[in-house]
Structure formats: structure tokens, C-alpha cells
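**Student:** Residue numbers (numbering that gives the first Met the number 0), protein chains in the order written: chain S, 0 to 201; chain U, 0 to 201.
The beta carbon of each residue, even a glycine, is placed where N, CA and C say it ideally should be.
Fair warning: this is a prediction, and the values are worked out from it, not measured in the lab.
There are 2 protein chains.
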Amino acid sequence: MNDSTRERLLETGRKLFSSNGFRGAAVREITREANANLGAVTYHFGSKAGLYRAVLDRVFRTLAERIEAAAAEPAPPEGRLRRIVSTLFAFFADVPDAPQLFLRELASGGALPEPVVPYLRRNLAAISGVIRDGQEQGAFRTMAPQLVAFSLVAQTVWFAVMGRHLHIVTGDTTPPEQLALAMERHIADLLVAALQPSEDQP
Amino acid sequence: MNDSTRERLLETGRKLFSSNGFRGAAVREITREANANLGAVTYHFGSKAGLYRAVLDRVFRTLAERIEAAAAEPAPPEGRLRRIVSTLFAFFADVPDAPQLFLRELASGGALPEPVVPYLRRNLAAISGVIRDGQEQGAFRTMAPQLVAFSLVAQTVWFAVMGRHLHIVTGDTTPPEQLALAMERHIADLLVAALQPSEDQP
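1) Between which residues of its own chain and residue 14(S) is the CB-CB distance below 8 angstroms, once the five residues before and five after are set aside?
2) Give the residues of chain S in contact with residue 169(U), contact being defined as C-beta atoms less than 7 angstroms apart.
3) Between the stretch 102-109 of chain S and the stretch 174-194 of chain S, do at least 3 Cβ pairs fall closer than 8 angstroms?
4) For chain S, is any of its Cβ atoms less than 8 angstroms away from the one on residue 193(U)?
5) Looking only at its chain, what residues have a beta carbon closer than 7 angstroms to the beta carbon of residue 63(S), apart from the 5 residues adjacent to it on each side?
6) Beta-carbon of residue 85(U) versus every beta-carbon of chain S: anything under 8 angstroms?
7) Count the other CB atoms within 10 Å of the CB of residue 3(S); is the residue buried (16 or more) or exposed (fewer)?
8) Under 6 angstroms Cβ to Cβ from residue 201(S), same chain only, skipping five residues before and after it: list those, please.
9) Pairing CB atoms from the stretch 82-101 of chain U with CB atoms from the stretch 27-44 of chain U, are three or more of them under 8 angstroms?
10) With 16 other CB atoms within 10 Å as the buried threshold, where does residue 98(U) fall?
11) Within 10 Å of its beta-carbon, does residue 48(U) have 16 or more other beta-carbons around it, so buried, or fewer, so exposed?
12) Using 8 angstroms as the threshold, is the C-beta distance between residue 194(S) and residue 131(S) below it?
13) Can at least three beta-carbon pairs, one atom from the stretch 79-91 of chain S and one from the stretch 42-57 of chain S, be found at a separation below 8 angstroms?
14) Closest to residue 10(S) by CA distance: which of 168(S), 158(S), 89(S), 100(S) is it?
15) Just the C-alpha distance for residue 90(S) and residue 102(S), rounded to the nearest angstrom, thanks.
16) When you compare each of 197(S), 67(S), 185(S), 23(S) to residue 51(S) by their alpha carbons, which one comes out closest?
17) Roughly how many angstroms separate the alpha carbons of residue 29(U) and residue 170(U), rounded to a whole number?
18) Please say whether residue 77(U) and residue 168(U) have beta carbons closer to each other than 8 angstroms?
19) Using a Cβ cut-off of 9 angstroms, which residues of the stretch 147-167 of chain U contact any Cβ in chain S, in chain order?
20) Are the C-beta of residue 203(S) and some C-beta of chain U separated by less than 8 angstroms?
21) If I follow the unbroken alpha helix (DSSP H) through residue 122(U), where does it start and stop?
22) Take the Cβ of residue 68(S) as the centre, count every other Cβ of all protein chains shown within 10 Å, and call the residue buried at 16 or more, exposed below.
23) Quick one: which residues of the stretch 76-102 of chain U get their C-beta closer than 7 angstroms to a C-beta of chain S? List them in chain order.
24) In terms of alpha-carbon separation, which member of 172(S), 61(S), 159(S), 143(S) lies closest to residue 115(S)?
25) My output table needs one value for residue 2(U): the three-state DSSP class, helix, strand or coil.
26) Looking at the structure shown, is residue 78(S) part of a helix, part of a strand, or coil, going by DSSP?
27) Residue 102(U) by DSSP, collapsed to three states: which one?
28) Locate the alpha helix (DSSP H) running through residue 140(S), then write down its first and last residues.
29) Return the Cβ separation of residue 105(S) and residue 160(U) in integer angstroms, given the expectation that the two are a contact with Cβ distance under 8 angstroms.
30) Please classify residue 19(U): does DSSP put it in a helix, a strand, or coil?
31) Closer than 9 angstroms, Cβ to Cβ, to anything on chain U: give me those residues from the stretch 0-34 of chain S, in chain order.
32) Considering just the uninterrupted stretch of the alpha helix (DSSP H) at residue 62(U), what are its terminal residues?
Spelled out as C-alpha cells, the structure:
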């Protein structure tokens, strides 16, 4: 029973922290929605801050593990780069509230939540590693790997944040899933095209 | 005197809406910080919602006008594309809290604030227009102009949001202004490289 209470608190915590922010999500509301008693957050996580850390840890660990798996696939760099883009799209389809979990804090001028940092570092290392491999093999042009990794993540995360609002701006009536597929392909194609070795490069 | 009260309310409103969100910014706090009487928001803007609309209108109208000016410069498409990227970077250096103004609402699952929409449409039209010109002149490869415009904006906005936190992830100690310059150049170079006509394309 305790394990499933813990699970329910993590789920409800993720939902409420992402929609209301850390400060806006009350322990009373989390425990009520998780069908747990008021002391359950303290019992399982020490405090509301402990639950928030545990939620961030789970969400961003999952993402980092999936990105590392995609980056380590036995495929040429272009294929691995495309897999990383797909992995990010699949992740945000699975956990659409993931960006909100830290965006709310950033949007109010706060710091990047500390539990997220090690996972973002792992993502950066995995993605840059694929770019670097491609450059060493002569398949990709010279371009700072960390900056290319930023470009990949920026476009994917911004689509996770803005995707469902884009039709209001574009007037495009493509259904959401199809738009996500088109965007996933576009981002991968754009990166691959940008990384094509140019003739005037050594 | 009234004009300067109006100006101070717009300034203070922008500051407090971006740091606390629309709901989190109280009229009492706005008027106090703007050194105005409690009725000034109603007098000048009808309501807090009216002030919020006026703040968004001013910020995003300025951005749209600057992007349209950059897009209309008498220069080849590549130069205009680079100018648009610089314009966005300059704008976010001037008004660093601009993304927060609507990000907070998006981050809590809200809609894109309605006053922002016409300006985002103008930005999209201006940027896509430059891509289309380049494609018609054979200077850019075929790639959906709206999606390329999304890639440009996504990277720039995401840097405006994340830029000051990146060093925590990258361990890079480049001073903020230099990092912004490097990123500006990278985003422009990446887009130009991606748009290079490929040999196997008609």
C-alpha cells in the first residue's frame, strides 16, 4: 500500500507542480488528489520540497536515460542524431507537462531547479558526443558541438511548449499528431542539412 | 503628469506581470511601485486586464516592427535572415523579461495571450517571406518556410529564457554578453548552412 501511495504522490505532484508551480501546489491538495493522508508527503519525501525533487528526478532521469540510449545506438551519427530528436518528441508526447515543471520557475525569474541540472548535463554530453563523432568521421561539418546540441534541444522544447498554440499563429489546421511528426522531421532534416560538410571546409 | 503616470504604469506593469504573472501581480502593488494612486490603472487602462493588454501590445508591437524592418532591408536573403536573428537578440537584450510575459501563462497551461497573436503572425509572415524570397532566388534550399521561421524563433527565444542558466549546465565560463554573441552567430550560421542549396536538389 505504501508503495502505491508513493507512486500516486509522485504522479499527482508532477501534475500539480507543473500546472501550479512549486509554490502554488499545496500539500493539502496533493494529498487529497492522491487519496493519501495529510502526513503522507512528509512520510515518503520529508517535505513538499522533497516531493518536488523526487518528481523532477524521476522525469528528467527518464529523459536522460532515453537520450543516452539513442545516442549510443549502433548507427552512423546522422541516424543517432535523428533518433535523439525522435526520443525527445516521444518523451514530450508521453510527459507533456515536463517542460512546465521547470519553466514556471524560470518564467518567474527563478533558478533552474537544482535536481534537473545533472540530467541536463548528461543530455548535453550525449548529444554533443554524437555531433563530435560525426565530425571526427568527416560526416558532419565543424560547428561547436555544444551549440548544435542547444539548437536541437531548443527547437524541441519550444515545440513542446508552443506546439498546441501554433495553429492560432499559423492558421494551419494540421491535426496535432501530424504537426508534431512534421516538426520532428523538419528539426532533424534542418540539423542534418546544417551539418553537411561544405566543400570549402577542410 | 497623466502621460508620465501612464508610462510608469506600463513599465511597472511589464516588470510585475513578467515576474509574477497576470494573476500574481496585484493592482495595489503596481500602483504603489509606479507611484500612482490606486485608481490610476482603472483611469488609464480600464482594468488590470486592460493594463496587461497594453503592456503586451507595446512589447510585441515593438518586436514585430523591428523584425519587419530587418526583413525589408535592401540586402540579399542571407543578410536579411542574419539581421532578423540579430534583431531578436538585440530585442531580448533590451527587454529581457519579454518571454516571461507570456511564458508564465503558457507554463501554467493557459492560452497564448490574445494581444500577442497578431504580432506573432506578423513575425512569422516577415521571417517566412525572407526564406521564400531566398528560395525563389535559388539562394536557399527547399524547406517549409514557416517551419524554418519556427526554428529561428525557437532557438532565439529559448536562449532568451535559458541563456543565463546555461553556464550551470555547460560549465562554460564565457561572460554573458560574449555567450549571447556566440549564440547569435551560431544560430544564424546554422540556419544559413541548413538553407544552402544541396547539389542533389532541383
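**Tutor:** Based on what the coordinates show:
1) 32, 96
2) 123, 145
3) no
4) yes
5) 118, 121, 122
6) no
7) exposed
8) With a pLDDT of 48 at residue 201(S), under the threshold of 50, the modelled position of that residue is not reliable, and no figure is offered here.
9) no
10) buried
11) exposed
12) no
13) no
14) 100(S)
15) 16 angstroms
16) 23(S)
17) 38 angstroms
18) no
19) 147, 149, 150, 152, 153, 154, 155, 156, 157, 158, 160, 161, 164, 165, 167
20) Coverage of chain S is limited to positions 0 through 201, which leaves residue 203(S) absent and any answer about it impossible.
21) 116-135
22) exposed
23) 99, 102
24) 61(S)
25) helix
26) helix
27) helix
28) Looking at the DSSP string, residue 140(S) is not in any alpha helix (DSSP H), and its letter there is neither H nor E.
29) 6 angstroms
30) helix
31) 17, 18, 19, 20, 23
32) 47-70
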